[in-house]
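**Q**
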Amino acid sequence: MGKHDKVLPGLISERDLCKIREAVCIQVEKIYDSCKEKDCIEDARVYFRDPDRMNWLVNNAINVKARRAEVVKVFSDVEEVPFKRGFYTVDIKFFIKVTLDFFVPKRNGGIKIISVPGIVMFDKKVILFGSEGNVKIFKSHYVEHGIDDPGTSALQQDNLPISKVEVAEPITLNAKIVEVLENACDDGHDRSIPATVSELLEDVDFDDTDLLRGEDRSLAIGKRVVATIGLFSIIKLARYVQLLIPAFDFCVPNKQCVAATDEDACGLFDTIEFPIDEFFPPQKADFPGAEEDIRSVADEE
87 MGKHDKVLPG
97 LISERDLCKI
107 REAVCIQVEK
117 IYDSCKEKDC
127 IEDARVYFRD
137 PDRMNWLVNN
147 AINVKARRAE
157 VVKVFSDVEE
167 VPFKRGFYTV
177 DIKFFIKVTL
187 DFFVPKRNGG
197 IKIISVPGIV
207 MFDKKVILFG
217 SEGNVKIFKS
227 HYVEHGIDDP
237 GTSALQQDNL
247 PISKVEVAEP
257 ITLNAKIVEV
267 LENACDDGHD
277 RSIPATVSEL
287 LEDVDFDDTD
297 LLRGEDRSLA
307 IGKRVVATIG
317 LFSIIKLARY
327 VQLLIPAFDF
337 CVPNKQCVAA
347 TDEDACGLFD
357 TIEFPIDEFF
367 PPQKADFPGA
377 EEDIRSVADE
387 E
């Protein structure tokens, strides 16, 4: 096969179809069903690592602003749907780390901004098709000049449904401090948050010597922080299956690696294009969807 007859990774044309060389049996995760979700998590309570210290901060802050959010962990559980063959419920719990900026009055009349991380929890349930089947898959690895290690021939996996959750970076829409009825049993800490999640929060450490001291930090909780977050996710159910697919050839790299050396330290830098957009930011029309938004607003008027 000549150089120009090879099919390279990327888009193919109709004439490339005649270059299929064989049908290959592969074992992969086949997506049996999936759905996309656009959730607005409205006024969800924010939990903190050090509730006692945070109670004082929340009660004395005059405002709070959400800076950013990040999904740090997702728990999911798959269960069969009774009387509906092949369908499963997927229960999902999202743990979203939110970084908040608290605006606290200072003694000299100014404002001090204190950044503190917190956790927002969000539960969701969907029903997806996951087909049927329940087999155990064993495998072992070849050991040269010896017997295969028994440990490698243990159960490796099965073909039961596998849930997969993909999330985009959450959007922080709002954060505010709300007044609540005092509850002596509520210390501001949710003990259902796993330790592996709470460990991702930095310690609440700030200097309050220059802050305007109002209520005693030992008072019962009178305020809470709630946040509104936009979350985009895709939820899938997959199984390990064998599929027969057409194959062109082995995927052999067709280019050499570019690397800088001591003799030619600028070689790698020369391959980088000049960053025009950094010096001349793109216009609004250069962004996808911007012109459509302008036209839709004009049509409404």
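Straight run, no breaks: the sequence shown in this note's numbering ends on number 387. Yeah, the Cβ is synthetic: ideal placement off N, Cα and C, and Gly gets one too.
1) CB Phe215 to CB Leu329, shorter than 8 Å?
2) Whose C-beta lies closer than 7 Å to the C-beta of Val290 among residues of the same chain, with five residues either side of it excluded?
3) Which same chain residues, not among the five before or five after Ile320, have their C-beta less than 7 Å away from its C-beta?
4) Tell me which residue opens and which closes the beta strand (DSSP E) that Val176 is part of.
5) Which class does Val338 belong to by DSSP, given the choice of helix, strand or coil?
6) Who are the Cβ neighbours of Lys116 in its own chain at under 7 Å, not counting the five residues just before and after it?
7) I need the straight-line Cα distance from Lys183 to Leu317, nearest angstrom please.
8) Just curious, the beta strand (DSSP E) that Asp209 is in, first and last residue?
9) Applying the criterion that 16 or more other CB atoms from any shown protein chain within 10 Å of the CB defines a buried residue, is Gly96 buried or exposed?
10) Measuring only the C-alpha atoms, how far is Val212 from Val176?
11) I'd like to confirm the pairing. Which residues does DSSP put opposite Glu165 in its beta bridges?
12) For a quick check, are the C-beta atoms of Ile205 and Ile279 less than 8 Å apart?
13) Between the C-alpha atoms of Thr258 and Ala152, what's the straight-line distance to the nearest angstrom?
14) Please report the straight-line C-alpha distance between Ile98 and Phe173, rounded to a whole angstrom.
15) Do Ala261 and Leu186 count as a contact pair if the criterion is CB distance below 8 Å?
16) Is it right to say Asn245 is buried, meaning 16 or more other beta carbons lie within 10 angstroms of its own, or is it exposed?
17) Which partner residues does Ala371 have in the DSSP bridge list?
18) Determine the direct distance from the alpha carbon of Glu285 to that of Glu265, and round the result to whole angstroms.
19) Return the first residue and the last residue of the beta strand (DSSP E) that Ile223 is part of.
20) Tell me the DSSP bridge mates of Cys111?
21) Can you name the start and end residues of the beta strand (DSSP E) that Leu259 belongs to?
22) Where does Asn141 fall in DSSP's three states?
23) Does the beta carbon of Glu349 fall short of 7 Å from some heavy atom of the ligand PLP?
24) Buried or exposed: Leu103, going by 16 or more other Cβ atoms within 10 Å of its Cβ?
**A** To lay it out plainly:
1) Mapped onto the sequence shown, residue 215 falls at position 129. Mapped onto the sequence shown, residue 329 falls at position 243. Result no, Cβ atoms of Phe215 and Leu329 do not sit closer than 8 Å.
2) Within the sequence shown, numbered from 1, the residue matching residue 290 stands at position 204. Once the five neighbours on either side are set aside, the close Cβ partners of Val290 are Phe134, Arg135, Asp136, Arg139, Met140 and Val202.
3) In the sequence shown, the residue the question calls residue 320 occupies position 234. These residues qualify, in order along the chain: Ser120, Lys122 and Glu252.
4) Here residue 176 is taken as the residue at index 90 of the sequence shown, counted from 1. Here the beta strand (DSSP E) through Val176 covers Phe173 to Pro191.
5) Numbered from its first residue, the sequence shown carries residue 338 at position 252. In the structure shown, Val338 sits in coil (DSSP, three-state: anything other than H, G, I, E or B).
6) Position 30 of the sequence shown holds residue 116. Contacts found: Ala324, Arg325, Val327 and Leu329.
7) Your numbering for residue 183 matches position 97 in the sequence shown. Your numbering for residue 317 matches position 231 in the sequence shown. Roughly 13 Å between the two C-alpha positions.
8) Along the sequence shown, read from residue 1 onward, the residue named residue 209 stands at position 123. Ile197 to Phe215 is the extent of the beta strand (DSSP E) around Asp209.
9) Locating residue 96 in the sequence shown gives position 10, counting from the first residue. The residue in question, Gly96, is exposed, as its Cβ has fewer than 16 Cβ neighbours within 10 Å.
10) Walking along the sequence shown from the start, residue 212 turns up at place 126. Walking along the sequence shown from the start, residue 176 turns up at place 90. In a straight line, the C-alpha of Val212 is about 5 Å away from that of Val176.
11) Within the sequence shown, the letter at position 79 stands for residue 165. Answer is Thr175, bridged to Glu165.
12) Working through the sequence shown from its first residue, we reach residue 205 at position 119. Working through the sequence shown from its first residue, we reach residue 279 at position 193. Yes; because the gap between Cβ atoms is below 8 Å, this pair is in contact.
13) Within the sequence shown, numbered from 1, the residue matching residue 258 stands at position 172. Within the sequence shown, numbered from 1, the residue matching residue 152 stands at position 66. When rounded, the distance between both Cα atoms is 6 Å.
14) Within the sequence shown, numbered from 1, the residue matching residue 98 stands at position 12. Within the sequence shown, numbered from 1, the residue matching residue 173 stands at position 87. About 36 Å.
15) Translated into positions along the sequence shown, residue 186 becomes position 100. Translated into positions along the sequence shown, residue 261 becomes position 175. Yes. Within cutoff.
16) For the purposes of this step, residue 245 is taken as the residue at position 159 of the sequence shown. Asn245 is buried by the Cβ-count criterion.
17) Taking the first residue of the sequence shown as 1, we reach residue 371 at position 285. Per DSSP, none; premise fails for Ala371.
18) The residue given as residue 265 occupies position 179 in the sequence shown. The residue given as residue 285 occupies position 199 in the sequence shown. Taking the straight line from one Cα to the other gives about 28 Å.
19) Your numbering for residue 223 matches position 137 in the sequence shown. Its beta strand (DSSP E) spans residues Lys222 to Phe224.
20) Position 25 of the sequence shown holds residue 111. DSSP, once it has assigned bridges, lists Leu330 as partnering Cys111.
21) By 1-based counting over the sequence shown, the position of residue 259 is 173. Its beta strand (DSSP E) spans residues Ile257 to Glu265.
22) Position 55 of the sequence shown, counted from the start, is the residue given in the question as residue 141. Asn141 falls in the helix class under three-state DSSP.
23) This structure simply doesn't include the ligand PLP, nor any ligand for that matter.
24) Here residue 103 refers to the residue found at position 17 of the sequence shown. The residue in question, Leu103, is exposed, as its Cβ has fewer than 16 Cβ neighbours within 10 Å.
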